[in-house]
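The number in the numbering used here is simply the position in the sequence shown, starting from 1, with 2 added.
Everything on this sheet refers to the single structure shown next.
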Amino acid sequence: MLIIEIIKSIVYGIIEGITEWLPISSTGHLILFEELFWKSSNNPDFFELFRVVIQLGAILAVIFFYFHKLNPFSPKKDFAAKKLTWEMWFKVIIACLPAAIVGLPFDDLLDNYFYNFPTVAIMLIVYGIIFIVIESVKRKEPRINDISGLSYKTALLIGAFQLLALIPGTSRSGVTIIGAMLLGCSRTVSAEFSFFLAIPVMVGASLLKCAKYGLNVMQGEAAMMTTTEIAVLLIGMMFAFVTSMLAIKFLVGYVRKHDFKPFGYYRVILGIILTLYYFVFK
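See below:
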């Protein structure tokens, strides 16, 4: 039983690590995996916690991959470079405000109503088509080719786009990349800012979920995590970290030479598969 749970955790971590950063919706892939291979759990509260906290592994990969760029205290940076790093973090914080003010209070409610096959399938297809259309239309040359050229107003608007990701299947990275590109950012800037924006958003969501779980345990509404569950969580996070490193490296290299159209086609195909599965087997 332990081996089976560990294997599930490894696969879940791999799926999370790959799909969290590529604009193809981690939720769309994970909901299919949960349905086919991880339908039940002896501790539903733990699984809800696992689903969110495993993202910390993915976040650690971003921090590790971009540590120098994210670190305002690096001795290798001069005063001007440190100033630009602090400004970047302020832009990230500004961009997080819409999610903090609007998103967090309604996150669980929206998950309860929309974390399902039909919604995820529709969002996969809709945003897949949007990616295809955006990349098919001839656009002006991007005017923002570095995060230092990103204004606070533009950062806030990108954060507003992130609210669309409250609907499962949308893809947080997908909508922030789309939003940034529509606002004049290059593909590289759009992808990197999307990565950085995920750090406070996902860390905050994980901490809130941990606090909620701990409160439920103290009130007797949830069971303490077993040794097996702790092992499953840590292993899942580890594999999410490793695969996230690979996915981030791939996407950073990919966007320098290619557009996002293939991801759009992939989303549409996956959305159709989920729709067919829902109507045939559900």
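Ideal Cβ placement from N, Cα and C applies to all residues, glycine included.
All values derive from a computational prediction rather than experimental measurement.
Neighbour-count burial assignment, residue i, 16 or more Cβ in a 10 Å radius
i	result
Y14	buried
A167	buried
A200	buried
I33	buried
T229	exposed
V177	buried
M220	exposed
H31	buried
V282	exposed
F195	buried
V139	exposed
L253	buried
F69	exposed
M226	exposed
I6	exposed
R258	exposed
G255	exposed
Residue i to residue j span [Cα, whole Å]
i	j	result
Y117	L152	33 angstroms
I271	T172	15 angstroms
I179	R189	7 angstroms
L2	F262	Residue 2 lies beyond the range of the chain shown here (3 to 284); nothing can be said about it.
L112	F81	44 angstroms
F39	F49	13 angstroms
L235	A162	31 angstroms
V191	D148	6 angstroms
I26	E223	35 angstroms
M240	L51	16 angstroms
K142	S76	36 angstroms
A102	I124	26 angstroms
Y115	P107	14 angstroms
K85	S150	10 angstroms
L209	N73	22 angstroms
I250	L99	25 angstroms
M183	S175	12 angstroms
S11	A233	9 angstroms
L217	K78	43 angstroms
Closer than 8 angstroms to chain D by CB, residue i
i	result
L217	Of the chains in the structure shown, none is chain D; there is only one protein chain.
Run of the alpha helix (DSSP H) containing residue i, from where it starts to where it stops
i	result
N218	189-220
S11	4-21
M90	81-100
T230	229-257
S76	Run containing S76: none; DSSP gives neither H nor E here.
I160	154-164
M226	Segment: none, M226 is in no alpha helix (DSSP H) and carries neither H nor E.
Y68	Taken as a continuous stretch (DSSP letters only), Y68 belongs to no alpha helix (DSSP H), as it is neither H nor E.
V139	It is not in any alpha helix (DSSP H) - V139 carries neither H nor E in the DSSP assignment.
F262	Run containing F262: none; DSSP gives neither H nor E here.
D47	46-55
I33	28-39
A167	Where A167 is concerned, there is no enclosing alpha helix (DSSP H), given that its DSSP letter is neither H nor E.
I180	174-184
Test item: CB-CB of residue i and residue j under 8 angstroms
i	j	result
F197	W88	no
P170	T277	no
D47	Y279	no
C212	V104	no
I146	G186	yes
I275	I127	no
A355	L158	There is simply no residue 355 to check, as the chain begins at 3 and stops at 284 in what is shown.
I237	I65	no
Is it the case that the stretch 204-214 contacts the stretch 53-64, given that we only count it when at least three CB pairs across the two stretches are under 8 angstroms? yes
Quick test of the definition: if touching needs 3 or more C-beta pairs under 8 angstroms, does the stretch 18-30 touch the stretch 244-259? yes
Take every Cβ of the stretch 143-163, pair it with every Cβ of the stretch 92-101, and state whether three or more of those distances are shorter than 8 angstroms. yes
Does the stretch 252-267 come into contact with the stretch 131-140, if we say contact requires no fewer than three beta-carbon pairs (one atom in each stretch) closer than 8 angstroms? yes
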